[in-house]
Amino acid sequence: MRVDMVKTLAKQAGSVGKPADKQLDKQVVTAAYDRWAPVYDMVFGPVFRRGRRAAIVAAEKVGGRILEVGVGTGISLPDYASTSTLFGVDISEEMLERARTRVTQLKLANVEGIQVMDAEALDFPDAAFDVVVAQYVVTAVPNPERALDEFVRVVRPGGLIVIATRIGAEGGLRGGIERALMPVTSRLGWRTEFAWERYARWAGGAGVELVERRPLPPLGHFALICFRRRDVPVAVAA
1 MRVDMVKTLA KQAGSVGKPA DKQLDKQVVT AAYDRWAPVY DMVFGPVFRR GRRAAIVAAE
61 KVGGRILEVG VGTGISLPDY ASTSTLFGVD ISEEMLERAR TRVTQLKLAN VEGIQVMDAE
121 ALDFPDAAFD VVVAQYVVTA VPNPERALDE FVRVVRPGGL IVIATRIGAE GGLRGGIERA
181 LMPVTSRLGW RTEFAWERYA RWAGGAGVEL VERRPLPPLG HFALICFRRR DVPVAVAA
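Here it is in structure tokens:
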């Protein structure tokens, strides 16, 4: 049943009329996740359950005010501690309608807000959060490094950035397959080819330090990555 849903959504995505290359288009991504909204929890909920839980456990080690970027349907929100204050943002209004319903039905009093927002241009002041959580988001934005920079900007010095994400292959057969699949997956709303080396290159000049990286299911093609924002810029600390 899930496979049929994915095939149907892929056909619908192909009718959007945007070019399918290695760069995601923001309008295509938004439209894709609007289409995913009614079935997202059914299709991806079980697949990403352990990854979501791992991200939440990591975030709760710091706690405080937590921003979840790409909150989607709000499937993760009930799993946070009631002592944490949560704010969820997503580019898809259709997803967020379900998140707001979940917050209301479950009476999640610790959810401060749910708002449409672009991960590449977060409408928050600097150092506004203790933790930024991005679950399966980085590979679904047109400019990932710009989004990562925004995560660093809005988290406080010493705060944590928690990322659950797909890690692409560095090369070989799997890497070739991932590149070949990009015309399809870009229309579904994400990219398949995004190797760890790209995170490492970004982190080298972003004022962060890697505190955790470990594989996640399914198949070990995903990872939990945690960066801590440095208390002072790298240039000053050196």
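Mapping the sequence shown onto UniProt numbering, position 139 (from 1) lands on 139, and the numbers just tick up by one.
No residue lacks a Cβ here, since even glycine has one placed at the ideal position from N, Cα and C.
By Cβ distance below 6 Å, which residues in the same chain neighbour residue i in space, the five residues on each side in sequence not counted?
i, result
"residue 214", "224"
"residue 95", "33, 37, 72, 73"
"residue 132", "67, 151, 155, 161"
"residue 122", "150, 154"
"residue 64", "130"
"residue 1", "Any reading at residue 1 is ruled out, since the residue's pLDDT is 44, under 50, leaving its predicted position unreliable."
"residue 106", "78"
What is the C-beta distance between residue i and residue j, in whole angstroms, given that I count them as a contact (C-beta under 8 Å)?
i, j, result
"residue 218", "residue 28", "Between residue 28 and residue 218 the Cβ distance is about 25 Å, and since that is not below 8 Å, they are no contact."
"residue 68", "residue 88", "5 Å"
"residue 139", "residue 91", "With 8 Å as the limit, residue 139 and residue 91 do not qualify as a contact, their Cβ atoms being about 14 Å apart."
"residue 216", "residue 141", "Not really, about 19 Å apart at Cβ, beyond 8 Å."
"residue 164", "residue 222", "7 Å"
"residue 112", "residue 85", "5 Å"
"residue 70", "residue 137", "3 Å"
Can you list, in chain order, the residues of its chain whose CB lies under 7 Å from that of residue i, leaving out five sequence neighbours each side?
i, result
"residue 209", "227, 228, 230"
"residue 76", "52, 56, 68, 135"
"residue 145", "202"
Nearer than 6 Å: is that true of the beta carbon of residue i relative to any heavy atom of the ligand PLP?
i, result
"residue 52", "Absent from the structure shown: the ligand PLP. Ligands present: none."
Taking residue i as the reference, which of the options has the closest Cα?
i, options, result
"residue 101", "84, 78, 83", "78"
"residue 127", "158, 41, 203", "158"
"residue 62", "49, 81, 97", "81"
In chain order, what residues of the same chain lie with their CB nearer than 8 Å to the CB of residue i, ignoring the 5 residues before and after it?
i, result
"residue 212", "58, 224, 225, 226"
"residue 99", "71, 72, 73, 74, 77, 88, 90, 114"
"residue 220", "none"
"residue 97", "37"
How about the region 101-119 and the region 42-57: do they share at least three Cβ pairs that are nearer than 8 Å? Too few Cβ pairs lie closer than 8 Å, so no.
What ranges does the alpha helix (DSSP H) occupy inside the region 118-158, keeping only unbroken runs of at least 4 residues that lie completely in it? Counting only runs of at least 4 residues, the region 118-158 fully encloses the following alpha helix (DSSP H) elements, listed from N- to C-terminal order: 144-154.
Which runs of the alpha helix (DSSP H), 4 residues or longer, sit entirely within the region 19-104? Segments of the alpha helix (DSSP H) lying fully in the region 19-104: 26-36, 40-44, 49-60.
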